[in-house]
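A.B. asks: Structure below; questions to follow.
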Amino acid sequence: MDNSRTIPNTAQDPDNTLNNSTGSAVSKLPSTSIKQRLMSWEFFLLLITAAVCVANSFASPYFLDPWNLSDATFNFVEKAIVALPLALLIICREIDLSVASIIALASVAMGYAAQWGADNTTLLIIGISVGICCGLFNGLLVTHFAIPSIVITIGTMSLFRGLSYILLGDQVLKDYPAGFDYFGQGYVYWVFSVEFTLFLALAVVFYLLLHHTNFGRRTYAIGKNPTGAFYSGINVKRHRLLLFILVGAFAGLAAVLLTSRLGSTRPTIALGWELSIITMVVLGGVNIMGGSGSIHGVFIAVFLMGFVTFGLGLLNVPGIVMSIIVGAMLIAVIACPVLLARYLQRPR
Amino acid sequence: MKTLFKQREALLSILIVVMTLAVATITADFISLANLVIVYNDTAILIILALGQMLVIITRCIDLSVAANLAFTAMVVSMLNSQFPEIPVVFLLIIGALLGMCLGMINGLLVWKLGIPAIVVTLGTMSIYRGAVFLLSDGKWVNAHEMSESFIDIPRYVLLGLPLMAWLSILMIAVMYYFSRYQRTGREIFAAGNSPVAAFYCGMDVGKLQFKAFTISGLLAGLCGYLWASRYAVAYVDVAAGFELQVIAACVIGGISIMGGVGTVLGCVLGALFLGVINNALPVIGISPFWQMAISGAVIVIAVVVNTRAEQGHTRIILKKATLKAA
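One line per chain: the protein sequences are A and B, in this order. Residues in the first sequence are numbered consecutively from 2, following my numbering. Residues in the second sequence are numbered consecutively from 7, following my numbering.
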């Protein structure tokens, strides 16, 4: 099966240069021709996103209003912030299904801390630290015992969520200090919310991290061939552990933003988010089997998902029906390149 | 290898007995025959689903959509029953099983024909099937008073001291035992999971075997759709939400390797019973049901760690033997 996530018949995946670059990790990518760029998965995504925007602006005349667009970003930015590190983890051939449960546990921890009088900075630190601890727990289990991450994180998914149920039961925590709402509801400049600005900045950071550092090249190397990477002197276990911690930390950050936006915590917070976060990553062209993908792809996919769900919201489609569409999109997006390749390669 | 798994299953049985006795020291009634029947009957659905999941996991796939499949068939069967109470329950059971089978086949086809990883397919179909329940029912519930008497009563009918639902699960265990030990397809499923490459060179179509495993898993989920609707006498969108994790946990605890190729029906049943006893014991010893989720999560993690360590040792021995033979 052809696992390459570019449109078939393109000569090369921009990330496939690993085979050519020998040893030295930060090698200049060979310049891709304009035609290849136009045929890339990212460009294809961009076209669909543009089409969705056009369709949305026909569906509602208010869609293109800057404030409306700004409001639209609120319902996907927290997920997108987790999608960035998760993309790195999936490129590295691991997965974390427990992200939504980490968000819940971090939120519960912050809720209790706020009840005991913690201030905003402490809450931020607590949220991220709980995330880091959860990520460390996942990562240690996966790397130390060499267990497939999918199984471990299915387990910790119910473990972390279960812990939030134990801690909180059917209660709700909402005694957050004044000013805590800044993280999730504040604006930096004009229509740019704190969340959205943070996401943009992080997207740039992750772009540089994945595409322009040793760390990023190692991530691809491990994803392409873990054994080969190990024999090339990469500490595969440590790298994966770091990525798990990174995902945990950002899930914690997302918990801060989400809790601040909602102003309350229940154990069911962010229920089912792992599905949409993974969909964002896979939609962005990250190969679920590891080894390829790009941050700019994920960046565009985030907006595609966000605008599709927002557009459906404009059409009064209920949330559970949206989950059908998200689920179908996840499958279709992976199936399409396979089907297209088969169609183009069939004997004539 | 055989002794290892014999040991694991023996260990698991001892654990279950010890746990039951420990609960009995708090509430003596827990080990009364009547209560044990209740506990078994309560676990019957989990056992049946775990049997299907076992085959899927053995082929190196995973089926996250079983609970959504169950919810969908439960809704279809209940709506049919409330609209047309004259349809005999046996037909409803067959309709449910066939419908579940079709849903399982969709998963299987996507995995077989398009080569999409099973986790992605079933993560997607999980939310599609769950959403379909909403589309079908418009968010409404089918309540007990809308169901016919026979619809609710038949799985509860007591035959030789056990309810029919428990008998059905015993039948399924027997069928699956025979299928996985003595049927060609059953053996091939193990072979395909153990080493897909070797299975391919032996002329097996690994994808097709995965498709078959998904089909069986779907069929059993459909069957459980009716059983669930009848047992709880209600069908709504969130029926069995998150139950797929319990099913996978049962398999993992029962020693079915998530890497494929390894597992027994007995282990799978014991894994399900282990969870069943825990779930029934928690309220008895006065632990809040909020603990249930975390406990099953912790049990999955611990079981996987223990299993993997056992398997790693076992692989090393094989390698040593192989090198010895080669030398």
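We put the beta carbon where it would ideally sit given N, CA and C, even for glycine.
Using a Cβ-Cβ cut-off of less than 9 Å, list which residues of the stretch 132–157 of chain B approach chain A; keep chain order.
C.D. replies: M132, S133, I134, Y135, R136, G137, A138, V139, F140, L141 and G145
A.B. asks: For A/T198, which residues of its own chain have a beta-carbon under 8 Å away from its beta-carbon, when the five flanking residues on both sides are left out?
C.D. replies: V189 and Y190
A.B. asks: Buried or exposed: which applies to B/I20, given that a residue is buried once 16 or more other Cβ atoms fall within 10 Å of its Cβ?
C.D. replies: exposed
A.B. asks: Answer yes or no: do B/V117 and B/Q13 have a C-beta to C-beta separation smaller than 9 Å?
C.D. replies: no
A.B. asks: If the cut is a Cβ gap below 9 Å, which residues of chain B does A/M290 touch?
C.D. replies: P123
A.B. asks: So is B/V243 in contact with chain A if we call contact Cβ pairs under 9 Å?
C.D. replies: With 9 Å as the cut-off, B/V243 counts as an interface residue toward chain A.
A.B. asks: What are the uninterrupted segments assigned as alpha helix (DSSP H) that are 4 or more residues long and contained completely in the stretch 259–292 of chain A, given in chain order?
C.D. replies: 274–284
A.B. asks: Would DSSP call B/A40 helix, strand or coil?
C.D. replies: helix
A.B. asks: Hey, could you find the ends of the alpha helix (DSSP H) B/R183 is sitting in?
C.D. replies: Reading the sequence as shown, one finds Tyr at residue 183 of chain B and not Arg. That run of the alpha helix (DSSP H) goes L170 to Y188.
A.B. asks: Under 8 Å Cβ-Cβ, which residues of chain A neighbour B/T314?
C.D. replies: F146, A147 and I148
A.B. asks: So, does the stretch 101–110 of chain A touch the stretch 257–268 of chain A, judging by three or more C-beta pairs under 8 Å?
C.D. replies: yes
A.B. asks: Could one say the Cβ of B/S84 lies closer than 9 Å to chain A's Cβ atoms, at least one of them?
C.D. replies: no
A.B. asks: Keeping to the same chain, check which residues put their C-beta closer than 6 Å to that of A/A250; ignore five residues upstream and five downstream.
C.D. replies: I129, G132 and I133
A.B. asks: Identify whether B/V96 lies in helix, strand or coil by the three-state DSSP scheme.
C.D. replies: helix
A.B. asks: Expressed to the nearest angstrom, what Euclidean distance is found between the alpha-carbon atoms of A/G328 and B/V139?
C.D. replies: Their backbone Cα atoms lie some 14 Å apart in a straight line.
A.B. asks: Determine, for A/L89, whether the minimum Cβ-Cβ distance to residues of chain B falls below 9 Å.
C.D. replies: Output row for A/L89: interface = no.
A.B. asks: Closer than 6 Å by C-beta to B/G213: which residues in its own chain qualify, once you throw out the five before and the five after it? Chain order, please.
C.D. replies: W118
A.B. asks: Taking the continuous beta strand (DSSP E) assigned at A/V189, which residues delimit it?
C.D. replies: DSSP places A/V189 inside the beta strand (DSSP E), whose first and last residues are Y188 to Y190.
A.B. asks: Could you spell out the range, first to last residue, of the alpha helix (DSSP H) harbouring B/K218?
C.D. replies: V212 to Y238 is the extent of the alpha helix (DSSP H) around B/K218.
A.B. asks: If you follow the alpha helix (DSSP H) that B/G282 is part of, which residue opens it and which one closes it?
C.D. replies: Residues V271 to V290.
A.B. asks: Is it true that the CB of A/L89 sits closer than 9 Å to the CB of A/T214?
C.D. replies: no
A.B. asks: Flag A/V27 as yes if its beta-carbon sits less than 9 Å from any beta-carbon of chain B, otherwise no.
C.D. replies: For A/V27, the pLDDT reaches just 43, beneath the cut-off of 50, and the residue's location in the model is therefore unreliable, leaving the point undetermined.
A.B. asks: Is B/F90 helix, strand or coil by DSSP?
C.D. replies: coil
A.B. asks: First and last residue of the alpha helix (DSSP H) that includes A/G163?
C.D. replies: S150 to L169
A.B. asks: Name the DSSP bridge partner or partners of B/V148?
C.D. replies: B/A241, per the DSSP bridge assignment.
A.B. asks: How would you list, in chain order, the residues of chain D whose beta-carbon sits under 8 Å from the beta-carbon of A/T228?
C.D. replies: Checking the listed chains, one finds no chain D in this structure; the protein chains it contains are A and B.
A.B. asks: Using a Cβ-Cβ cutoff of 7 Å, what residues of the stretch 18–45 of chain B are near chain A? List them in chain order.
C.D. replies: none
A.B. asks: Could you round the C-beta distance between A/C93 and A/H212 to whole angstroms and report it? I think they count as a contact, below 8 Å.
C.D. replies: In fact, because the Cβ distance is near 15 Å, the residues do not count as touching under 8 Å.
A.B. asks: For B/G167 and A/S293, what's the separation of their Cα atoms in angstroms?
C.D. replies: 58 Å
A.B. asks: Run through DSSP, which three-state label would A/F193 get?
C.D. replies: A/F193: strand per DSSP, three-state reduction.
A.B. asks: Are the C-beta of A/A105 and some C-beta of chain B separated by less than 9 Å?
C.D. replies: So, not an interface residue.
A.B. asks: Evaluate B/K146 with the Cβ neighbour count: other Cβ atoms within 10 Å of its Cβ, from every protein chain shown; 16 or more gives buried, anything less gives exposed.
C.D. replies: Flag for B/K146 reads exposed.
A.B. asks: B/G121 lies in the alpha helix (DSSP H); which residues open and close that run?
C.D. replies: For B/G121, there is no enclosing alpha helix (DSSP H), as DSSP marks it with neither H nor E.
A.B. asks: Return no unless some Cβ of chain B is closer than 9 Å to the Cβ of A/Y190.
C.D. replies: no
A.B. asks: Given a limit of 8 Å on CB to CB distance, which residues of the stretch 233–249 of chain A reach chain B?
C.D. replies: Listed by position along the chain: nothing, the set is empty.
A.B. asks: What residues match up with B/V164 in a beta bridge as DSSP calls it?
C.D. replies: B/P169
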